[in-house]
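S.K.: Got a structure for you, written out below as structure tokens; questions coming shortly.
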Amino acid sequence: MTLASLLTFSAALFVVAATPGPGVAAIVARALGVGFRRTAPMVAGLILGDVVWLACAAFGLAVLAASFGTAFMVVKYLGAAYLLYLAVKLWRAPASTDAVAAEARPMSAARGFLAGLAVTIGNPKAMVFYLALLPAIVDLGHVDALGFAELAAATVLVLIVVMGGYAALASRARAWLVSPRGRRLLNRISGATMGAAAAGVAAS
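In structure tokens form, the structure reads like this:
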């Protein structure tokens, strides 16, 4: 795994992870209700879920790339098309003013961890992101144990920064996140970034 590939993967993952979705919503809601420290197990569960999807994408696509070149290209372009669809949907999304509901129900560390894991495992969008991005960044035909370990470490570090950041800033950011102006700006930035990612995947 080259340093350039690893940095590119980390940057792409940062953008995808920072785009609001089920995981971000769960973390923000939990942090608003119980604070940063008690949200940590849920963050850990979310991260493990991403590593599971990463493993499925990395090793599954490695076999596909080595065995079925045409099928692999189809998967790549389908991923790019899906990213483009998400970009258009985000750009055109209305500025919802629905409040972010705080989640303050009692929950043990183990239950919080499992809840975070379930959120990511049950979210097929996470798998599609890895399917779309990995072929454009990583030579999947040569992913070995060390390369996967490097990708996994990058995934953990990026998600700690992103999800930990959301949890730490949830209470301060709540008013901005639910304001029409803030939501519209966030949707437009996310949509433009997703569109650029789709173009990069298709052109690679």
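According to mature numbering (1 follows the signal peptide of the UniProt record, and there is no 0), the stretch in the sequence shown is residues -17 to -1, 1 to 187, in order. Heads up, the beta-carbon is just placed ideally off N, CA and C, and yes, glycines get one too. Given the structure is predicted, the values throughout are model-derived calculations rather than measurements.
What's the C-alpha gap between Ala151 and Val139?
M.R.: Mapped onto the sequence shown, residue 151 falls at position 168. Mapped onto the sequence shown, residue 139 falls at position 156. Looking at the two C-alpha atoms, the distance is approximately 17 angstroms.
S.K.: Give me the Cα-Cα distance between Thr(-16) and Pro163, rounded to the nearest whole angstrom.
M.R.: For the purposes of this step, residue -16 is taken as the residue at position 2 of the sequence shown. For the purposes of this step, residue 163 is taken as the residue at position 180 of the sequence shown. Straight-line Cα distance between these residues: approximately 42 angstroms.
S.K.: Taking only the alpha-carbon atoms, compute the straight-line gap between Pro118 and His125 and give it to the nearest angstrom.
M.R.: Against the sequence shown, residue 118 aligns to sequence position 135. Against the sequence shown, residue 125 aligns to sequence position 142. The alpha-carbon atoms of Pro118 and His125 are separated by roughly 12 angstroms.
S.K.: Look at the Cβ atom of Phe19, then the Cβ atom of Val141, and state whether they are nearer than 8 angstroms.
M.R.: Looking up residue 19 in the sequence shown gives position 36. Looking up residue 141 in the sequence shown gives position 158. No, they are not a contact pair.
S.K.: Note down, in chain order, each residue of its chain lying with its Cβ closer than 6 angstroms to the Cβ of Gly99, except the 5 sequence neighbours on either side.
M.R.: Start at 1 with the first residue of the sequence shown, and residue 99 comes out as number 116. Taken in chain order, the residues that qualify are Met25, Gly28 and Leu29.
S.K.: At the level of alpha carbons, what is the spacing between Ala153 and Gly147?
M.R.: Stepping through the sequence shown from its first residue, residue 153 is reached at position 170. Stepping through the sequence shown from its first residue, residue 147 is reached at position 164. C-alpha separation (whole angstroms): 10 angstroms.
S.K.: Assign Pro24 to one of three DSSP states: helix, strand, or coil.
M.R.: Working through the sequence shown from its first residue, we reach residue 24 at position 41. The answer is helix: DSSP assigns Pro24 an H, G or I state.
S.K.: Is there at least one Cβ from chain C nearer than 8 angstroms to Val34's Cβ?
M.R.: The question asks about chain C, but that chain is absent: this structure has only one protein chain.
S.K.: Is DSSP giving Arg167 helix, strand or coil here?
M.R.: Locating residue 167 in the sequence shown gives position 184, counting from the first residue. In the structure shown, Arg167 sits in a helix (DSSP, three-state: H, G or I).
S.K.: Buried or exposed for Tyr68, please, with buried defined as at least 16 other CB atoms from any protein chain shown within 10 angstroms of its CB.
M.R.: For this step, residue 68 is matched to residue 85 along the sequence shown. It is exposed - the Cβ of Tyr68 has fewer than 16 other Cβ atoms within 10 Å.
S.K.: State buried or exposed for Arg75, treating a residue as buried only when at least 16 other CB atoms are found within 10 Å of its CB.
M.R.: Translated into positions along the sequence shown, residue 75 becomes position 92. By the 10 Å Cβ count, Arg75 comes out exposed.
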